[in-house]
Amino acid sequence: NWTIGWSSEILLASWVGNNDNSSMSYVASGITGASPIWRRIILGSLNMGYSAPDWQIPNSVEQVELDAISGYPSHNDFPSKFDYAIKGTLPSSPDPIHRLVEVCKGENDKLATEAKIAAGDYDKREFIFVLEEDPFSEDGKNRWQTAVDAWIAAQDDSRYRIPSEYCGDVGDVSVRLKKPDDKQNFKNQDVEVEIRAGSYDGIDKLELYVDDKLLETILNKSEYKGKINLAPGKYELYAKAYAKNGKSKTSNKVRIGVGGIDWDYVEPTPTLAPSNTPPPMPSPTIKLSPTLSPIPSEEDE
């Protein structure tokens, strides 16, 4: 058995064993063998002037905050711990072990499809992934993972049980116009656009429409971020996504105002302006007086 310990000024290791390399008696242990020897020597060393000063952190070492489970940089407000590491040696994110996974709303034991994720129709749930490769396998069987899975089966913590079943049709396609917001007004003519689409089979292309006219086509991407320039006025925008499986989907529609024009601006109805020309005077109407005709008498006959 052996004991080892040190300070920044002294390092001491003690070993107890048979000099012929034979096994020691079961009554011998580090408590009765190496440890008492180590303790006597280290105390004597301290009496001789050796000390245990505070450790000075080298310039190449930094204090870091780590995920308490995985040891990756802390994230997602998960429990964390502080430790020291050589600068530049921390593993990069994302954390492959301690993760938030997109699951179905109301069915958090099922995975959300790519279409549901793109549509924002999902919840997130914490899981712990314990995955190992078998470097010694010669027949393709991963015996290391088999042992890990057997250990997980005996655990009560549900975070180890990663869902494998999806809710909904994995072949569905979804698309959402995330930016701009509906009823948003822009003082200038540049409009930031963000489209997100999803399908298990992948996205073949995205299309951006302005007032029902195709403005831009994006190939082989499920997300698009960019700017478009529009003349002052009001517009209606939407997107279309085409999945590699042949399915397509039209996004939500948004109404915007550009260049200082409000999204709900209405052109004023033209009205006739009053004229400075005086109205025409009415022509006088001649009223005829009746003419009296004499009635002939009998004498005239």
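For the record, in the sequence shown the residue sitting at position 161 is 170 according to our numbering, with numbers rising by one throughout. C-beta atoms are modelled at their ideal positions from N, C-alpha and C, and glycine is treated no differently. These figures come from a predicted structure and were not determined experimentally.
- DSSP, read as helix, strand or coil, puts residue 264 in strand.
- Just so you know, the alpha carbons of residue 127 and residue 140 end up roughly 27 Å apart.
- For the 8 Å CB-CB criterion, residue 204 and residue 223 do not form a contact.
- Distance from residue 119 to residue 172 at the Cβ level is roughly 5 Å; contact confirmed, criterion being Cβ atoms closer than 8 Å.
- The three-state reading of DSSP puts residue 164 in coil, since its state is none of H, G, I, E or B.
- Per DSSP, the beta-bridge partners of residue 107 are 137.
- Taking each of 26, 81, 20, 54 in turn and checking the Cα distance to residue 94, the smallest one comes out for 81.
- Note that the segment 73-92 does not touch the segment 38-53; fewer than 3 beta-carbon pairs, one per stretch, sit closer than 8 Å.
- Along the segment 176-247, the beta strand (DSSP E) occurs as fully enclosed runs of 3 or more residues at 182-188, 199-208, 212-219, 222-228, 232-238, listed in sequence order.
- Fewer than three beta-carbon pairs drawn from the segment 83-90 and the segment 143-161 are found closer than 8 Å, and the two stretches are therefore not classed as touching.
- In this structure, DSSP gives residue 56 a helical state, which the three-state scheme calls helix.
- Residue 71 sits in a strand when the DSSP states are folded into three classes.
- Beta-bridge annotation (DSSP): residue 116 is paired with 113.
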